[in-house]
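Mapping of the sequence shown onto UniProt numbering: residues 1 to 466, in sequence order.
Comments concern the structure below.
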Amino acid sequence: MNLYNLDIERGILSAIIFDGKVYEDVAAILKPKDFYLPFHQYLFETMEDLYHKDMPIDEIFLRDLLVKKKKFDEEAFLEILGTAPIEAVEIYAKEIKDLSVKRELIHLATEIKKTVLEEDKRAIEEVEEIQSKLFTIATSNLSGDFKDSNKIINETIDYIKKQVSKQNKIVTGLDTGFVELNRMTSGFNEGDLIIIAARPSMGKTAFALNLAFNVLKQDKGVAIFSLEMPAEQLMLRMISAASKIPLQDLRRGNLNDEEWTKLTEISDYLSDKPLFVDDEGSVNIHTIRAKLRKLKAQNPNISLAIIDYLQLITSDIRERHLAIAEISRSLKLLARELQIPIIALSQLNRALESRPNKRPMLSDLRESGAIEQDADIIMFIYRDDVYKALEAKQKQKEALEKGKAVEIDFKEKEVEDAEIIIGKQRNGPTGTVEMLFHKKYTLFTDKVSEVTEIEHTEATIDIPNI
């Protein structure tokens, strides 16, 4: 069994040279000593030096610095440059780490044999020495230290003072723009992973865009990864919801003079907002992480990220449940790293449609185990009228097939009742928020028609009369 893999080492180092941002992902797992080849150790050590000096980690700077250190190997360096960069660097970095630990264990086993046979020590002393060395191997890869109580107390007091300064007794996190949802969640907190799940046609994307627009009204930035539809389609939906122009009319360009005026006003309003959409379509979690890190660095005002939707994120892991586990965990860690809430839309299993009560539950999530574990908040969207309409159409179809006339007592509504079911909330209650869904505009609104001044939150900022 080989306890090293030079091809993977070269692929990882090549990936960093190809894209310097990859260094952070690798450095979180590997240290220079984890590479087997000495030159690979020197090269990764030099990458670390350049990173801390905020200099480009590229071929020119690496070559110059290695030459200055008198550790440059032209042949080994060219071999790395000629190796195709590895895409899933974290997965392969963990493999290199695993091999490194095994080498250390074998080295320790050799030391143990030598100590026991050659050194004149009491057995208990040898056991303690071995335990110490084993502990060093086990803990050498841990990043970060414990926080003492004084540090924790100071940070907690700072957090409380920050909340007091907001002078808002309802919202402590990012304002959702929905009164009752704010009351249930206190807003979305920094570092939260929020899952919004539903069956098709329930309005997942519409609800996420409504949340995005409410955040934009607060002059805070929003990033959207649209893996299913082009950016222009998302913008049509957002404009429809914001301007109250029917979505179908916008798609057809069937607008009267008043609606053209509204369209112009809302377009001018949105064009000045910090909204960023990536509609590349086929992306993996590493690409999402790299793009979001870069965007956040360039636009610190980014306060919310939305991914539509989770199951469309590609992965090199074949087992789908393991891939989803890796994706959901990575999104949670990314939310904590960037200190913003990340919303990921998710599909539900078809199993719920065979139940009399079709309201979703946590077990209806596809690959639910990992998602349920990593998410801070899981919300389901449910509109009973969607199923009533389907049932009515099915009855009509069956009757026509039998040559019978059937009278359908169900009439589709322009405004339907909607439920936002909070199935999990790590730091708050679960329950149902009642809303209304305006189908023509793909717009969710609070069902409460009148609220007191206290119940109004920061998201009730006036926007142009459109």
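All C-beta atoms, glycine included, are put in the ideal place defined by N, C-alpha and C.
DSSP-derived helix/strand/coil call for residue i
{"i": "Ser-303", "result": "strand"}
{"i": "Glu-401", "result": "helix"}
{"i": "Tyr-4", "result": "coil"}
{"i": "Thr-264", "result": "helix"}
{"i": "Leu-142", "result": "Bear in mind that the predicted position of Leu-142 carries a pLDDT of just 49, short of 50, making it unreliable; the figure below should be weighed with that in mind. Coil at Leu-142, not helix or strand."}
{"i": "Glu-104", "result": "helix"}
{"i": "Val-433", "result": "strand"}
{"i": "Tyr-441", "result": "helix"}
{"i": "Met-202", "result": "coil"}
{"i": "Ala-392", "result": "helix"}
{"i": "Leu-365", "result": "strand"}
{"i": "Asp-374", "result": "helix"}
{"i": "Leu-227", "result": "coil"}
{"i": "Lys-220", "result": "coil"}
{"i": "Tyr-382", "result": "strand"}
{"i": "Ile-421", "result": "strand"}
{"i": "Ile-170", "result": "coil"}
{"i": "Gln-311", "result": "helix"}
{"i": "Asp-316", "result": "coil"}
{"i": "Ile-353", "result": "Note on residue identity: the sequence assigns Glu, not Ile, to residue 353. DSSP places Glu-353 in helix when its eight states are reduced to three."}
CB contact flag (residue i, residue j, <9 Å)
{"i": "Gly-177", "j": "Val-215", "result": "yes"}
{"i": "Ala-27", "j": "Glu-48", "result": "yes"}
{"i": "Ile-378", "j": "Gln-425", "result": "yes"}
{"i": "Gly-428", "j": "Thr-185", "result": "yes"}
{"i": "Val-415", "j": "Glu-180", "result": "no"}
{"i": "Phe-44", "j": "Lys-71", "result": "no"}
{"i": "Arg-329", "j": "Ala-370", "result": "yes"}
{"i": "Phe-188", "j": "Ile-288", "result": "no"}
{"i": "Tyr-4", "j": "Arg-103", "result": "yes"}
{"i": "Lys-413", "j": "Lys-395", "result": "no"}
{"i": "Glu-228", "j": "Ile-245", "result": "no"}
{"i": "Val-89", "j": "Ile-12", "result": "yes"}
{"i": "Ala-375", "j": "Ile-152", "result": "no"}
{"i": "Glu-155", "j": "Leu-174", "result": "no"}
{"i": "Arg-293", "j": "Glu-24", "result": "yes"}
{"i": "residue 509", "j": "Arg-199", "result": "In the structure displayed, the chain extends from 1 to 466; residue 509 sits before or after that span and is not available."}
{"i": "Leu-211", "j": "Lys-332", "result": "no"}
{"i": "residue 468", "j": "Thr-432", "result": "Nothing can be reported for residue 468: it is not among the residues displayed for the chain, which extend from 1 to 466."}
{"i": "Thr-110", "j": "Arg-10", "result": "no"}
{"i": "Ile-343", "j": "Ile-285", "result": "no"}
Same chain, Cβ closer than 8 Å to residue i, five either side skipped, listed in chain order
{"i": "Val-197", "result": "Rather than Val, the amino acid found at residue 197 in this sequence is Ala. Once the five neighbours on either side are set aside, the close Cβ partners of Ala-197 are Lys-204, Leu-345, Ser-346, Gln-347, Leu-348, Pro-360, Asp-364, Leu-365, Ile-378, Met-379, Phe-380, Ile-381."}
{"i": "Ile-8", "result": "Ile-86, Tyr-92, Glu-95, Ile-96"}
{"i": "Leu-263", "result": "Ile-239, Ser-243, Ile-245, Leu-250, Leu-255"}
{"i": "Ser-143", "result": "At Ser-143 the pLDDT is 48, less than 50, meaning the model places this residue with poor confidence; the figure from the coordinates comes in the next sentence. Counting only Cβ-Cβ distances below 8 Å, and skipping sequence neighbours, we find Ala-28."}
{"i": "Phe-276", "result": "Gly-221, Val-222, Ala-223, Ile-224, Leu-295, Asn-299, Ile-302"}
Residues near residue i by beta carbon distance below 7 Å, same chain, minus five either side
{"i": "Lys-291", "result": "Asp-278"}
{"i": "Leu-209", "result": "Leu-234, Arg-237, Met-238, Ala-241"}
{"i": "Ala-15", "result": "Val-22, Pro-85, Ile-86, Val-89"}
{"i": "Thr-430", "result": "Ile-422, Gly-423, Lys-424"}
Cβ neighbours of residue i in the same chain (closer than 6 Å, five flanking residues each side left out)
{"i": "Ser-100", "result": "Asp-34"}
{"i": "Thr-445", "result": "Leu-436"}
{"i": "Thr-452", "result": "A caution first: Thr-452 carries a pLDDT of 42, below 50, which makes its placement in the model too unreliable to give a value."}
{"i": "Thr-46", "result": "Leu-62, Leu-65, Leu-66"}
The ligand MG heavy atom lying under 8 Å from the CB of residue i
{"i": "Thr-110", "result": "You won't find the ligand MG in this model; it holds no ligand whatsoever."}
query = Can at least three beta-carbon pairs, one atom from the stretch 315 to 326 and one from the stretch 274 to 281, be found at a separation below 8 Å?
reply = no
ask   = With a cut-off of 8 Å, do at least 3 Cβ pairs link the stretch 241 to 251 to the stretch 295 to 302?
value = no
Complete alpha helix (DSSP H) runs within the stretch 9 to 95 (minimum length 4 residues, chain order) = 22 to 27, 38 to 52, 59 to 69, 74 to 81
key: the stretch 18 to 27 in contact with the stretch 56 to 74 per 3-pair CB rule at 8 Å   = yes
ask   = Considering only residues of the stretch 234 to 303, which uninterrupted alpha helix (DSSP H) runs meet the minimum length of 4 residues and lie entirely inside it, listed in chain order?
value = 247 to 252, 257 to 271, 285 to 298
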